[in-house]
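Under UniProt numbering, the first residue of the sequence shown carries the number 1, and numbering increases by one thereafter.
No residue lacks a Cβ here, since even glycine has one placed at the ideal position from N, Cα and C.
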Amino acid sequence: MSMEDIHLRTKPLAMADTLDPLSPSLNDSPNSSGLMHKLRLRLTRTTPPRSPSGDGYVEFGEFRSERPGVKKVGTFAGVFCPVVLSMFSALVFIRMGYLVGNAGLLVTLGQFGLAYLIVGFTVMSICAISTNGAVEGGGVYFMISRTLGPEFGGAIGTLFFLANVVSSALCISACTEALVENFGPNGYLVGAGGGLPNGYWYRFLYRSALNAAGLGVSLAGASLFARTSLAIWVSTVVCLFSALLSFFVTAPGQIEKPDTNTIVNATNFTYSGLSAATLRGNLYERYARDYSAAGEPADFAAVFGVLFTGVTGVMAGANMSGELKSPSRSIPLGTLAALLFTALSYAALTVLTAATCSRELLQNNYVYLLPINVWPPFIAVGMLTATFSAGLSNLIGASRVLEALAKDNIFGFLLRPMVSRSGNPVVAVIASWLLVQIGIMADSLNTIAQVNSVLFMTSYCAINLACLGLDLASAPNFRPSFRQFSWASSLAGLLGCAALIFSLRPAYACAVALACCSLVLALHLLSPAAADPKWGSLSQALIFHQVRKYLLLLDPRREHVKFWRPQMLLLIGSPRQTAPLIDFVNDQKKGGLFVIGHVRVGQLDGSGDPLADEQKYWLKLIDHLKVKAFVELCLSEDIRSGAAHLTRLSGLGAMKPDTVLLGFRDSAHPNDFFRDPASPYKTQDFDLDNGQVMFPTRTAFSPRMSASEYVRIVSDVLCVKKNVCLCRHFHNLNMAAVERRSGSLKYIDVWLVEALRPSREEPFTVRALFALQLAAVVRSARGWQHLALRVHVVTAHENNPSFGSESMTEPGLPEMSPGRPVQERLDELLKLLRISAYTHTVTDWPKLDDDVHRYLDPNSNENSVYQRVPMSYLQRVNRIIKSRCEEGTAVTFVQLPQPPKLSPTPTEADEVICEQYMKVLDEFTKDLSPTILVRGLKSVTSTSL
Numbered sequence: 001m002s003m004e005d006i007h008l009r010t011k012p013l014a015m016a017d018t019l020d021p022l023s024p025s026l027n028d029s030p031n032s033s034g035l036m037h038k039l040r041l042r043l044t045r046t047t048p049p050r051s052p053s054g055d056g057y058v059e060f061g062e063f064r065s066e067r068p069g070v071k072k073v074g075t076f077a078g079v080f081c082p083v084v085l086s087m088f089s090a091l092v093f094i095r096m097g098y099l100v101g102n103a104g105l106l107v108t109l110g111q112f113g114l115a116y117l118i119v120g121f122t123v124m125s126i127c128a129i130s131t132n133g134a135v136e137g138g139g140v141y142f143m144i145s146r147t148l149g150p151e152f153g154g155a156i157g158t159l160f161f162l163a164n165v166v167s168s169a170l171c172i173s174a175c176t177e178a179l180v181e182n183f184g185p186n187g188y189l190v191g192a193g194g195g196l197p198n199g200y201w202y203r204f205l206y207r208s209a210l211n212a213a214g215l216g217v218s219l220a221g222a223s224l225f226a227r228t229s230l231a232i233w234v235s236t237v238v239c240l241f242s243a244l245l246s247f248f249v250t251a252p253g254q255i256e257k258p259d260t261n262t263i264v265n266a267t268n269f270t271y272s273g274l275s276a277a278t279l280r281g282n283l284y285e286r287y288a289r290d291y292s293a294a295g296e297p298a299d300f301a302a303v304f305g306v307l308f309t310g311v312t313g314v315m316a317g318a319n320m321s322g323e324l325k326s327p328s329r330s331i332p333l334g335t336l337a338a339l340l341f342t343a344l345s346y347a348a349l350t351v352l353t354a355a356t357c358s359r360e361l362l363q364n365n366y367v368y369l370l371p372i373n374v375w376p377p378f379i380a381v382g383m384l385t386a387t388f389s390a391g392l393s394n395l396i397g398a399s400r401v402l403e404a405l406a407k408d409n410i411f412g413f414l415l416r417p418m419v420s421r422s423g424n425p426v427v428a429v430i431a432s433w434l435l436v437q438i439g440i441m442a443d444s445l446n447t448i449a450q451v452n453s454v455l456f457m458t459s460y461c462a463i464n465l466a467c468l469g470l471d472l473a474s475a476p477n478f479r480p481s482f483r484q485f486s487w488a489s490s491l492a493g494l495l496g497c498a499a500l501i502f503s504l505r506p507a508y509a510c511a512v513a514l515a516c517c518s519l520v521l522a523l524h525l526l527s528p529a530a531a532d533p534k535w536g537s538l539s540q541a542l543i544f545h546q547v548r549k550y551l552l553l554l555d556p557r558r559e560h561v562k563f564w565r566p567q568m569l570l571l572i573g574s575p576r577q578t579a580p581l582i583d584f585v586n587d588q589k590k591g592g593l594f595v596i597g598h599v600r601v602g603q604l605d606g607s608g609d610p611l612a613d614e615q616k617y618w619l620k621l622i623d624h625l626k627v628k629a630f631v632e633l634c635l636s637e638d639i640r641s642g643a644a645h646l647t648r649l650s651g652l653g654a655m656k657p658d659t660v661l662l663g664f665r666d667s668a669h670p671n672d673f674f675r676d677p678a679s680p681y682k683t684q685d686f687d688l689d690n691g692q693v694m695f696p697t698r699t700a701f702s703p704r705m706s707a708s709e710y711v712r713i714v715s716d717v718l719c720v721k722k723n724v725c726l727c728r729h730f731h732n733l734n735m736a737a738v739e740r741r742s743g744s745l746k747y748i749d750v751w752l753v754e755a756l757r758p759s760r761e762e763p764f765t766v767r768a769l770f771a772l773q774l775a776a777v778v779r780s781a782r783g784w785q786h787l788a789l790r791v792h793v794v795t796a797h798e799n800n801p802s803f804g805s806e807s808m809t810e811p812g813l814p815e816m817s818p819g820r821p822v823q824e825r826l827d828e829l830l831k832l833l834r835i836s837a838y839t840h841t842v843t844d845w846p847k848l849d850d851d852v853h854r855y856l857d858p859n860s861n862e863n864s865v866y867q868r869v870p871m872s873y874l875q876r877v878n879r880i881i882k883s884r885c886e887e888g889t890a891v892t893f894v895q896l897p898q899p900p901k902l903s904p905t906p907t908e909a910d911e912v913i914c915e916q917y918m919k920v921l922d923e924f925t926k927d928l929s930p931t932i933l934v935r936g937l938k939s940v941t942s943t944s945l
């Protein structure tokens, strides 16, 4: 590996648009050649819809543009009416007696207040999101996915789709119940001796027929339903008004028990009209058995589960967003108006019911409104229209959510047929209808209501979470025109929904939470939309917000050696030939900062950024190698300037590299690890279809960096007080053998001796202890812990003045009697540093000639030593280190001799000295195991707590 590989002296390659990185994430994306990638390819085997050309931010419009002649609906018909009808659904005419009869007036009003409080907070979040930008088809799913990203949005969207399916099944079951109560045996509208037959399979037949009718209307188009909803709403309101009027004009009397109630023997129950005594009797809760659920006892949770179905319809307007003229205006206005209207209606109906109907009547006749009405067919019409329209609204909403999931490619080819280019998603409607058909097999309306409430409350949690995150992230583009929203309302809605779910139905809540987490994980690993998202994710905004905040708190003036960790800048040119080194440094960083730097020689010419297209391939490289690193690219007129810029400017705040690693300048032939069949880094992701190759390796024709330029880069790093490491022979590092604990690799070696300045105090200097700390960090990394750490010191000439007597010891170390043997002092030091290592003494280290020592004197020309040091001395030193490497050394750490002092301006003499310096390093480290030449300037070890 050669140092000139920290740059590429080529013009920027033309990048293919079809080879975008698999993910914008630096660290979380799976390996493109692994199992997850293959599964993704299977999921995306059908060509997804192509986006129109251009640089704009495109959402659903990329799939289907606005077609001329398609009529949109306004606020009243498109939002207000569907929301009112969906909220009334089965509750207002069919289950009000169940609520008041079991929970009493006070608890019922309290439950309505709690439900409306949570829904009110959620509606404020919906209004905030819907007024913050264009809302397309898919309603709530669109809002969540565009805020929380495809994984979380897809999971919640799937649950919301199921919630609409379950809600549609609930409304159809309620409609069937109304049908049987009115037209069944002894029904209120047919009298005795006639009517529709009753029984499980007959009721299933009726439900299937109603579901088929809903299918027919849905296939005709949602706009048709939106326009007929006005007529349905008018009829429902007339029926509700007749019910409220009847409380004042209907005389007291006895009300017969319906035939569907088989759990009590009494046949008549009292309707008292407006009565204070009746009101007092209905004030407090008194739970009884539910005759519509085979006599199961009612409780607070069951009653609230049924009651909450009366407020889940608040999403109906958002689900119709694709058919609205102005979704951002209609959704807030129509939803809030519908919320107020239904709240007043429920409150009036609850109070009048408690003041006129006995407890026994309410508990044993849920359709009590029919016999007490001034004209019973009013209530029958209200029951049928309210429930059927609510079921139809949920069926249409479910199909729109399913189509939106398909458009976003959340489930790949599995949902591809759901996308419609004609305007009405026919296949999505049919798929939703089939699931509703399965749901209506449950015969108990109250049982379906419990599941329905949990699913909708989960969706409400997600909406509040999305809006809370947007506000906390302080995103500049989050500027909703709905001003009544605040983070406190979203937080209150989020906590309220979560508390209700887990306190009322913990088993259902745990099941839904588990399903949601499983979906998030599955979509993150397999979804094509997660692999290449086309919209922003709130998580990235929140991460940015938190990282910025904590980076400001990270004060470089408060750094302490006790908490030091490696912060690495690795300068490379072609990752093809340095893949093992990148992998190794990723292990060496020990949770610290890892920056991969690259210098391209060139300059800005006014035509754009030459590195912009290449950046995405470097990010893709990070994903491929599975390393936790950042990428910094630099454009400079020469390599040295670019390396200096990266050394000084990489990082942010207190998170800046303190150690720079460079490849070694030699003439070794580079390996292409991306094409080597036996390489664990093999990939074709960087071989473009047009024949161009990203990150080309060095060839015999590539220009070679001069020795003086290389040495000046090393000197520049030391000049700015950063540690420097030169890495050699890492193309021989077999990371797979290290991780599988191969018997041929046993040790990590550290040589605490500077070859050209041997000293008995060298093992205790800052630079030696820096090398020791780096080796200890590597050994503590996962996969390296089975290797033994060996520390080598030279003691053969302790009494020889050639070893020097200068004190360069680490200032933080305690006094350890310098007169004692080196190995004994070193063992004590390792014990104080809590580093487990074996110490080895080298007794055959050669002596430097006396004439060389003369040039080691501080008053002499230090550069002369590189010309006068005998090659035989370096070769003997190399043989000693090599003999230890052959015992099974994975990596060797040695001391880097001080670079020569060069003049400010390059001269021919500098080139000669630098060539000799590089020759010394070459002979010193020739044919060793993967070797790091280390020169540390900073204290990184501590013996204190």
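- Setting aside the 5 residues that flank it on each side, residue 352 is surrounded in the same chain by 247, each with a C-beta closer than 6 Å to its C-beta; the list follows chain order.
- Just measuring C-alpha positions, the residue of 386, 623, 885 sitting nearest residue 173 is 386.
- Among the bridge pairs identified by DSSP, residue 596 is matched with 570, 631.
- Beta-bridge analysis with DSSP links residue 834 to no other residue.
- Residue 704 and residue 468 have their C-alpha atoms some 56 Å from each other.
- Nearest C-alpha to residue 531 among 673, 832, 412, 460: 412.
- Using a Cβ distance threshold of 8 Å, residue 395 and residue 432 count as a contacting pair.
- Each of 610, 574, 563 was checked against the Cα of residue 592, and the nearest Cα belongs to 563.
- Just measuring C-alpha positions, the residue of 644, 483, 728 sitting nearest residue 126 is 483.
- The beta carbon of residue 823 sits closer than 6 Å to those of 839, 841, all from its chain and outside the five residues before and after it, given in chain order.
- For the region 499-561, the continuous alpha helix (DSSP H) assignments of 4+ residues that do not extend past its boundaries occur at 506-526, 528-531, 538-553, in sequence order.
- DSSP lists 727 as the bridge partner or partners of residue 663.
- Between the alpha carbons of residue 583 and residue 679 lies a gap of roughly 13 Å.
- The C-alpha of residue 476 lies about 10 Å from the C-alpha of residue 470.
- Residue pairing for residue 253: DSSP places it in a beta bridge opposite 271.
- Contact between residue 590 and residue 780 is confirmed by a C-beta separation of about 7 Å, below the 8 Å threshold.
- Residue burial is scored here from C-beta neighbours: residue 154 has at least 16 other C-beta atoms within 10 angstroms and is therefore classed as buried.
- Excluding five sequence positions before and after residue 922, the CB atoms of its chain that fall closer than 7 Å to its own CB belong to 666, given in chain order.
- With a 10 Å radius around the Cβ and a threshold of 16 neighbouring Cβ atoms, residue 544 comes out exposed.
- Bounds of the beta strand (DSSP E) holding residue 932 are 931-935.
- Around the beta carbon of residue 96, a 10 Å sphere encloses 16 or more other beta carbons of the protein chains shown; the residue is thus reported as buried.
- Around the beta carbon of residue 560, fewer than 16 other beta carbons lie within 10 angstroms, which makes this residue exposed.
- Counting along the chain, residue 770 sits inside the alpha helix (DSSP H) bounded by residues 766-780.
- For the pair residue 767 and residue 895, the CB atoms are nearer than the 8 Å cut-off.
- At the C-beta level, residue 241 and residue 254 stay beyond 8 Å of one another.
- Taken through DSSP and simplified to helix, strand or coil, residue 754 comes out as coil.
- In the pairwise beta carbon analysis, the region 389-409 is classified as not touching the region 272-286: fewer than three pairs are separated by under 8 Å.
- Here residue 574 is buried. Its C-beta has 16 or more other C-beta atoms within 10 Å.
- Residue 315 sits buried, since 16 or more C-beta atoms from the chains shown fall within 10 Å of its C-beta.
- Taking C-alpha positions only, residue 907 is separated from residue 604 by approximately 29 Å.
- With fewer than 16 neighbouring CB atoms inside 10 Å of its own CB, residue 200 falls in the exposed class.
- If you ignore the 5 residues before and after residue 676, its C-beta comes within less than 8 Å of the C-beta of 682, all in its own chain and listed in chain order.
- The C-beta distance from residue 752 to residue 772 rounds to 7 Å, short enough to fall under 8 Å.
- Fully enclosed alpha helix (DSSP H) runs of no fewer than 4 residues occupy 200-220 of the region 169-221, in order along the chain.
- Relative to residue 550, the option among 217, 492, 479, 655 whose CA is nearest is 655.
- The residues 155, 156, 159, 458, in chain order, have a CB closer than 8 Å to that of residue 516 in the same chain once the five nearest residues on each side in sequence are set aside.
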